[in-house]
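Positions 39 to 329 (the numbering used here) are the ones given, in order, by the sequence shown.
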Amino acid sequence: MFYLAFWIWLNYKYNIEKGIIDAYIQDNIRFLWYFILYSLAYFPTIILWCFFNQKTDILHTIRFWIFSTLGMAILAFDGGFYYHYTLSQNFLPSDLSAFAYRCGSGINSLITIVLPLFVFYQQVLQPKTFFYGLNPSASDLKPYGMMLIMMTPLIAGASFQDDFLTAYPAYKPSPASDYFGIGEWFTIAIFEFCYGFDFISTELIFRGFLVIGMAHILGRGVILPMVVTYAFLHFGKPLGETIGSIFGGYILGVIALYSRSIWGGIAIHLGIAWLMEIFAFLQLTSVNSQQ
């Protein structure tokens, strides 16, 4: 974890993602930058884990390198994907372009995460089990509801922080509702649906592929490299959120490993994301009413 702590310090000192990688936002080299970033999270952690647990033989298996490289490539593809921006800017009216871009940022994971994982799952694995933890006979979700209830006061407290309100709500006002002649609540609902879908895809790649999908290679060793990579995913977010992702990622990873299901993680992830949106909206409403 000292390795992760060093990278967290480095990121928030030099703003690696937003200050460096995002400078290439419309350049294909951004895919390479993200691949390097996530590889620096995943592979050194794996190597250290194998060394300390005397399992370096894993590093000599072609299956490990195929699966792990695919995982980092998918994360890089998702992180560097910008074509929805080009489409929204060039083919939509100016009143819709910003709204369409933000919605596209959520649902583009259908192309960047779900599709490549599904093709690999069907064509290479020829599976006899459910798609990376999406077992339709989901386990009892009540414990996850209790976890959300317990976390609600923490999210409410965080909503008073300036860096929280800088990042949230993810929804930004736009002329889209006026363009369609509908209430803004409707465009908010559309955005939040698209926004939520991104978290389903996140669970699919991190807890589905990197945990359940890699468990036959790494066993319990799947958890730590997934957690470190998951923390790197949050480098563009407030520091508190990045630190929280370490603990949340670990808990959700353990649950996925032993339950072989990601439905609980999806419930937690969506619940937290939408609670953060709700409290951010409440804070903005309070500030506007005082002005």
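A virtual CB, placed ideally from N, CA and C, is assigned to each residue, including glycine.
Locate the alpha helix (DSSP H) running through residue i, then write down its first and last residues.
i       : result
Arg-258 : Looking at the DSSP string, Arg-258 is not in any alpha helix (DSSP H), and its letter there is neither H nor E.
Trp-106 : The sequence shown places Ser at residue 106, not Trp. That run of the alpha helix (DSSP H) goes 100–118.
Lys-51  : 40–52
Thr-83  : 67–90
Thr-204 : 200–205
Ala-61  : Here Ala-61 belongs to no alpha helix (DSSP H), and DSSP marks it neither H nor E.
Ser-215 : 214–218
Gly-246 : Counting along the chain, Gly-246 falls outside any alpha helix (DSSP H), and DSSP gives it neither H nor E.
Just mark residue i as buried or exposed, buried being the case when its beta carbon has 16 or more other beta carbons within 10 Å.
i       : result
Ala-43  : exposed
Thr-280 : buried
Thr-124 : exposed
Tyr-72  : buried
Arg-101 : exposed
Leu-295 : buried
Asn-49  : buried
Leu-308 : buried
Gly-291 : buried
Leu-163 : exposed
Glu-222 : exposed
Ser-132 : exposed
Since residue i and residue j should fall inside the 8 Å C-beta cutoff, what is the C-beta to C-beta distance between them, to a whole number of angstroms?
i       : j       : result
Tyr-76  : Phe-273 : 10 Å between Cβ atoms; not a contact.
Phe-69  : Gly-109 : Not confirmed; about 14 Å, so no contact.
Gly-171 : Arg-245 : 7 Å
Leu-106 : Tyr-80  : For the record, residue 106 in the displayed sequence is Ser; it is not Leu. So it is a contact: roughly 7 Å between Cβ atoms.
Notebook entry, point to check: How do the stretch 305–323 and the stretch 202–210 stand: do at least 3 beta-carbon pairs fall below 8 Å, yes or no?
Noted result: Three or more Cβ pairs drawn from the stretch 305–323 and the stretch 202–210 lie within less than 8 Å of each other, which places the two stretches in contact.
Item checked: Three or more C-beta pairs below 8 Å linking the stretch 91–103 and the stretch 144–157 -> Inter-segment contact for the stretch 91–103 and the stretch 144–157 is absent: fewer than three beta-carbon pairs are separated by less than 8 Å.
Notebook entry, point to check: Can we say the stretch 107–117 touches the stretch 297–310, given the rule of at least three CB pairs closer than 8 Å?
Noted result: As far as the Cβ criterion goes, the stretch 107–117 does not touch the stretch 297–310, which means the pair count is below three.
Check: Are at least three pairs of beta-carbons, each pair with one atom in the stretch 282–294 and one in the stretch 49–62, less than 8 Å apart?
Finding: In short, these stretches do not touch, since the Cβ pair count stays below three.
Check: Would you call the stretch 228–235 and the stretch 136–147 in contact, with 3 or more CB pairs under 8 Å?
Finding: Touching, per the Cβ criterion.
Next item on the list: Report yes or no: do three or more beta-carbon pairs, one from the stretch 154–173 and one from the stretch 240–260, lie closer than 8 Å?
Entry: Output reads yes: the stretch 240–260 touches the stretch 154–173.
Item checked: Runs of alpha helix (DSSP H) wholly within the stretch 264–293 (minimum 4 residues, chain order) -> Fully enclosed alpha helix (DSSP H) runs of 4 or longer: not present.
Checklist line | Cβ pair count under 8 Å reaching 3, the stretch 255–264 against the stretch 190–205 | finding: They do not touch, by the three-pair rule.
Item checked: Runs of beta strand (DSSP E) wholly within the stretch 121–183 (minimum 3 residues, chain order) -> With a minimum length of 3 residues, there is no unbroken run of beta strand (DSSP E) contained wholly in the stretch 121–183.
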